[in-house]
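Q: Taking my numbering, I'd label the letters of the sequence shown as residues 119 to 304.
Yeah, the Cβ is synthetic: ideal placement off N, Cα and C, and Gly gets one too.
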Amino acid sequence: MDINEAISGRRSVRDYTAQAVDEPAIRRLIDAAVNAPNAVNQQPWTFTVVRDQRLLDRISRDAKSHMLATLPADAASGHFRSMLDDPAFQIFYHAPVLILISAIAQGPWIVEDCALAAENLMLAAHSVGLGTCWIGFAQSYLNTPVGKSALGLPAEWVSIAPLIVGHPKAVAAPVPRKVPEIRWVG
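Below you can see the structure in the form of structure tokens.
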């Protein structure tokens, strides 16, 4: 698949088959991730792969409770609150794999570095017919002591990109994009 096709065709997938993603495929995605640009070639990332559905269900329940307790009382939170209050809603959409990209040390560009790795992983997944979605609902919880403990993460690691991966049930529809505002200076 051409890189432009991958960029324009990749979508956040929230509906997966039960088909497992094999270890070689996961390793290829992580290989793509580690080829991302990063500040001063520090490569501050580590990858935690979770395929245990009971663990993902437990983290989903705990992350939902955490989000409900910490959600600001603004207008957008009403939509989130109704989703998070639904006992049937599983934040990982029952995907067969969670790959959490964490920074292994503090640094000024760890978020950017891990986000670039995440984008590489998501584009690589799309190019081989896998779907992905960055699960923002898990981010805050996975940075709490309890959340880190659930995955056996050291206290100093910073959870940045919780990405689910799996075989999509259907091709995601194109999403309209706004015309970019471009300012030319000079």
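So, for LEU174: in the same chain, excluding its five sequence neighbours on each side, which residues have a beta-carbon less than 7 Å away from its beta-carbon?
A: VAL168, PHE210 and LEU216
Q: Only counting the same chain, and skipping five residues up and downstream in sequence, which positions put a Cβ closer than 8 Å to that of MET201?
A: PHE207
Q: What is the DSSP secondary structure of PRO142, reduced to helix, strand or coil?
A: helix
Q: Under the DSSP definition of a beta bridge, which residues are partnered with ALA181?
A: Looking at the DSSP assignment, ALA181 forms no beta bridge with any residue, so it has no partner.
Q: To which residues does DSSP link PHE165 through a beta bridge?
A: ILE219
Q: Exposed or buried, which one is TRP163 when buried takes at least 16 other CB atoms within 10 Å?
A: buried
Q: Which partner residues of VAL276 appear in the DSSP bridge assignment?
A: Partner(s): ALA221.
Q: Determine, using beta carbons only, whether ILE125 and LEU234 come nearer to each other than 8 Å.
A: no
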